[in-house]
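In what follows, a single structure is set out as structure tokens and then discussed.
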Amino acid sequence: VLALLALVACSKKEEAAPASPAATQSAQSAAPAAMPAQGAPMSKPAAIASATFSEDPDLRCDLLEVKRVSGGALLVRWRMVNTAGTQGQGLAATAPKSISYNFDWEDLYYIDPAENKKYEHLKDAEGERILQAFYGTLPAGQQRENWAKFPAPPPTSTKISINIPRFPPFEDVAVAP
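Quick note on numbering: the sequence shown equals residues -17 to 159 in this note's numbering.
Shown next, in the form of structure tokens:
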């Protein structure tokens, strides 16, 4: 009985031992980017508009925010969502599908129809893009939030057309002050 208690106590200590930094890093990198910090509530901003991926209707793009920010910039936020679930039922069910999404940076822009002008995303002094945009493989049921900064249109421009690559354009989107 004592040997059994000692064995159980040792196994409990092993379970409580912290994971190695490499294991922790790989577990964190495998977690979805949209997951909140532990204990924080997960908020899902309402979409201004949504569009379906041109190559797979299970990938959706939700436009979340378009607003002027300090420094004469325009902030655009959007969310990519893989809505695919298990296909079929019972023994015929297949695993949920991942969706691959890639694009060319030149295809991320907005158009100011009032000025008839195209604006590409901003870059810093070193030529680095000022954005965070997902590309790669998105597992079923996962989502990624994205953002990009652009030069703001003139104050007289109140609506723009946003192009998220490989989705239909988001037309006549109001620009928040």
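Using N, Cα and C, we set each Cβ at its ideal position, and we do this for glycine too.
Just so you know, these numbers come straight off a predicted model, no measurement behind them.
Check, Outcome
"Proximal residues to residue 147 (C-beta, below 8 angstroms), its chain only, five neighbours per side dropped", "85, 86, 89 and 90"
"Spatial neighbours of residue 35 in its chain, beta-carbon cut-off 8 angstroms, leaving aside the 5 residues before and after", "41, 42, 43, 81, 83, 148 and 149"
"Segment limits, beta strand (DSSP E) that includes residue 38", "38 to 51"
"Spatial distance of residue 60 from residue 122 (CA atoms)", "18 angstroms"
"Cα-Cα separation between residue 151 and residue 145, rounded to whole angstroms", "5 angstroms"
"Contact check, residue 57 vs residue 141, beta carbons under 7 angstroms", "no"
"C-alpha distance - residue 100 paired with residue 135, whole-angstrom precision", "10 angstroms"
"From 138, 137 and 117, residue whose alpha carbon lies closest to that of residue 128", "117"
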